[in-house]
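Notes follow once the structure below has been shown.
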Amino acid sequence: MINSIIELSNVEIHEYCLLNLDTGDLTFTKTSRTPGFTGLYFKDDNNFFAIYPSKNGPMIYFKGKEYGINKDLSISLFKQGKSRKFKISDYDIEIDYMESPYIGFDSWSDEIDVDLFFMIEQRYKDESFYERYTLK
């Protein structure tokens, strides 16, 4: 990748992150430096997870590694009360997290408790998902 620094946004908390793919360094800011859509991220005390577009389609960054997303993956989201578990079995990615306090933010679905992981789980088999996450 020519540019190893990617800007990501967290739409729930209106924060941006510069992710250096070479070093794993993260720089958080309240202002965007890059116009247009560049990627999204989730972070909590234990995890940093990002999804961003590339020339080869959607990419995930998790625990210092990059993974490609394709329609053949086994991606699931389990909900039990306020607890959530996002899982990509093929990559041994498992993220336990709590329901977002920003319930009602609904840019991807008719469901009320939509978050980044729900969006991925619902959309990763749709062609429009790959169009959005493929750089031209």
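In terms of numbering that gives the first Met the number 0, the sequence shown has 102 at position 103, counting the first letter as 1, and numbering is strictly consecutive. Ideal Cβ placement from N, Cα and C applies to all residues, glycine included. Note that the structure is predicted; figures quoted are calculated from it, not measured.
Cα-Cα separation, residue i to residue j
i	j	result
K29	Y90	31 Å
A49	N55	16 Å
G35	R131	12 Å
D43	K78	18 Å
K70	I87	12 Å
L39	V10	8 Å
L76	K135	30 Å
Spatial neighbours of residue i in its chain, beta-carbon cut-off 6 Å, leaving aside the 5 residues before and after
i	result
I119	none
D95	K84
G23	G63
Y60	A49
Outcome for residue i when other beta-carbon atoms lying within 10 angstroms are tallied against a minimum of 16
i	result
G67	exposed
F41	buried
D125	exposed
T26	exposed
I74	buried
Spatial neighbours of residue i in its chain, beta-carbon cut-off 8 Å, leaving aside the 5 residues before and after
i	result
S31	E6, S8, Y15
T133	P52, S53, K54, N55, G56, P57
For residue i, three-class secondary structure by DSSP
i	result
Y15	strand
Y96	strand
Y129	helix
S8	strand
Y90	helix
R122	helix
Close beta carbons around residue i, own chain, < 7 Å, minus the five adjacent residues each side
i	result
D21	S3
Whole-angstrom C-beta distance between residue j and residue i, which should lie under 8 Å
i	j	result
F137	R122	Here the chain has residues from 0 to 135 only, and residue 137 is not among them.
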